[in-house]
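Enquirer:
Protein chains in written order, with this note's numbering: chain U, 1 to 337; chain H, 338 to 451.
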């Protein structure tokens, strides 16, 4: 009977992180068994609840301390720089499209300057320049007003264009992520050091390829016919997708070159942005063409998805690295025998 | 850290250890006695507090024994822990004195308590 009770207490104690169990598990088990009534087979509800709440608190403490580790700070440095580059490329996009259209229409090319795109481009140009020059604090100081500007534009557009605003949520999330990542302390040029010259070149090339996608798609999809131009939509879309894929692949190659602990964390930090957009494409595509505001359940999905994605990512990284540590310990012990 | 008040469980655990080094179950029993049955420490709470007190240097491991095939670890108060307990006891005494005095002054019929 006491074996059964002990086994049940051990299952409860298993909820504690290994760092705690390594030091206190046997001792806690002794205390729990000493407090058991004769013939008791199940833990008291109050004891079980106390252990689970305590274990949850310990896990949260370990996770929060873990997020302050050097690998997370390195990942934040890389995400800050890459995020700024991606947002700069994104804000160059409308200008590339406008130039391409005006070029094809044989008019004098002119840059369209309007209230929305121009300040965004200026903000992210400054953030990217500061980040590339190793001026992280300056980049962060400019990035937060850029986020405020994006927020203001979204709030102004929301009443009449809720579907579009939600549909283009990923650049806004990326902007918040970039500003937050740039706010994390890091030594000067840390991101450039981690990425290396080649990694930085790959990331820059990826952003340029994606930003040039409208021009490339018009070049490939358009042909002169009878004094004007004809555009084949299918070819243009294929060219556009190919450019985005190629750009994305180049950025992914830059990330792949990072050391594994930093690379994993960079993926975890970018994951909420990607997952939210996938969720919107899958489950909000019908609603996007309606004129109604999101219902509370939809807001809950939009808010919880990035938080949950990040939490799951952190847990997976922790599990993976703990597993690698234990495997390495086992190999070392095996070699020593 | 020295300026932050100790929570009641931490205060009672330090009080228990002020008498003699004790193991976990002994502390649970002693805290129940000190609080006249009012505070029932559970293992989860006890070890969360013990870990924090160890990290802060207020207690340390005195010795370990194996009793009925189970590890039993005794803890003792450090000099820093004794000092911290004394400061906290004085703070609580001060607060209690003021509370009693005000109750006597403003509610004479209640007798103010002690």
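Glycine included, C-beta positions come from ideal geometry on N, C-alpha and C.
Could you check how far apart the C-beta atoms of residue 414/H and residue 343/H are, in whole angstroms? I think they sit under 8 Å.
Expert: With a Cβ gap of about 13 Å, residue 414/H and residue 343/H do not count as contacting.
Enquirer: Between the Cα of residue 280/U and those of 267/U, 263/U and 298/U, spot the shortest distance and give me the residue it belongs to.
Expert: If we check each option's Cα against that of residue 280/U, 298/U comes out closest.
Enquirer: Within 10 angstroms of the Cβ of residue 27/U, are there 16 or more other Cβ atoms? Answer buried if so, exposed if not.
Expert: Residue 27/U comes out buried.
Enquirer: Given a limit of 7 Å on CB to CB distance, which residues of the segment 351-363 of chain H reach chain U?
Expert: Listed by position along the chain: 361 and 362.
Enquirer: Are the Cβ atoms of residue 98/U and residue 123/U separated by less than 8 Å?
Expert: No, Cβ-Cβ distance for residue 98/U and residue 123/U is not below 8 Å.
Enquirer: When the Cα atoms are used, what is the spatial distance from residue 96/U to residue 392/H?
Expert: Roughly 58 Å between the two C-alpha positions.
Enquirer: By the DSSP assignment, the beta strand (DSSP E) with residue 414/H in it spans what residues?
Expert: Run containing residue 414/H: 407-414, per the beta strand (DSSP E) assignment.
Enquirer: Compute the distance between the beta-carbons of residue 341/U and residue 214/U, then report whether it is under 8 Å.
Expert: Shown here, chain U extends from 1 to 337; a query on residue 341/U therefore has no answer.
Enquirer: Could you pull out every residue in the same chain whose Cβ sits closer than 7 Å to the Cβ of residue 358/H, ignoring the five residues on either side in sequence?
Expert: Cβ neighbours of residue 358/H beyond the five flanking positions: 399, 411, 412 and 413.
Enquirer: From 254/U, 38/U and 6/U, pick the residue whose C-alpha is nearest to that of residue 81/U; which is it?
Expert: The option with the nearest alpha carbon to residue 81/U is 254/U.
Enquirer: In whole angstroms, give me the CA-to-CA distance for residue 366/H and residue 56/U.
Expert: Residue 366/H and residue 56/U: Cα-Cα distance of roughly 25 Å.
Enquirer: Per DSSP, what kind of secondary structure is residue 394/H in: helix, strand or coil?
Expert: Of the three classes helix, strand and coil, the one that applies to residue 394/H here is coil, per DSSP.
Enquirer: So, are the CB atoms of residue 154/U and residue 142/U less than 8 Å apart?
Expert: Contact flag unset, no.
Enquirer: Closest Cβ-Cβ distance between residue 343/H and chain U: below 8 Å?
Expert: False, the Cβ-Cβ gap to chain U never drops below 8 Å.
Enquirer: Quick one: what does DSSP say residue 163/U is sitting in, helix, strand or coil?
Expert: Note: residue 163/U maps to helix in three-state DSSP.
Enquirer: The segment 29-40 of chain U: which residues have C-beta closer than 8 Å to a C-beta of chain H, in chain order?
Expert: Against chain H - using a Cβ distance shorter than 8 Å - the residues of the segment 29-40 of chain U are 29, 30, 31, 32, 33, 34 and 35.
Enquirer: Beta-carbon of residue 365/H versus every beta-carbon of chain U: anything under 8 Å?
Expert: Yes, because at least one Cβ of chain U sits closer than 8 Å to the Cβ of residue 365/H.
Enquirer: Taking residue 2/U as the reference, which of 317/U, 32/U and 246/U has the closest Cα?
Expert: Comparing Cα-Cα distances from residue 2/U to each of 317/U, 32/U and 246/U, the minimum goes to 32/U.
Enquirer: Counting pairs of Cβ atoms below 8 Å between the segment 206-221 of chain U and the segment 235-249 of chain U, do you hit three or more?
Expert: Cβ pair count under 8 Å is three or more, so yes.
Enquirer: On the CB-based measure, 16 or more other CB atoms within 10 Å of its CB, does residue 71/U come out buried or exposed?
Expert: Counting Cβ neighbours within 10 Å, residue 71/U comes out buried, since at least 16 surround it.
Enquirer: Should residue 66/U be flagged as near chain H, meaning a C-beta pair shorter than 8 Å?
Expert: Answer no: the Cβ-Cβ gap between residue 66/U and chain H never drops below 8 Å.
Enquirer: Applying the criterion that 16 or more other CB atoms from any shown protein chain within 10 Å of the CB defines a buried residue, is residue 54/U buried or exposed?
Expert: Buried: at least 16 other Cβ atoms inside 10 Å.
Enquirer: Leaving out the 5 sequence neighbours to the left and right, which residues in its chain are closer than 8 Å to residue 371/H when beta-carbon positions are compared?
Expert: So the list reads 349, 352 and 353, once near-sequence residues are dropped.
Enquirer: Cβ closer than 8 Å: which chain H residues qualify as neighbours of residue 354/U?
Expert: This structure gives no information on residue 354/U, because the portion of chain U shown stretches from 1 to 337.
Enquirer: Starting from the Cα of residue 409/H, find the closest Cα among 364/H, 379/H and 421/H and give me that residue.
Expert: For the residues 364/H, 379/H and 421/H, the minimum Cα distance to residue 409/H belongs to 364/H.
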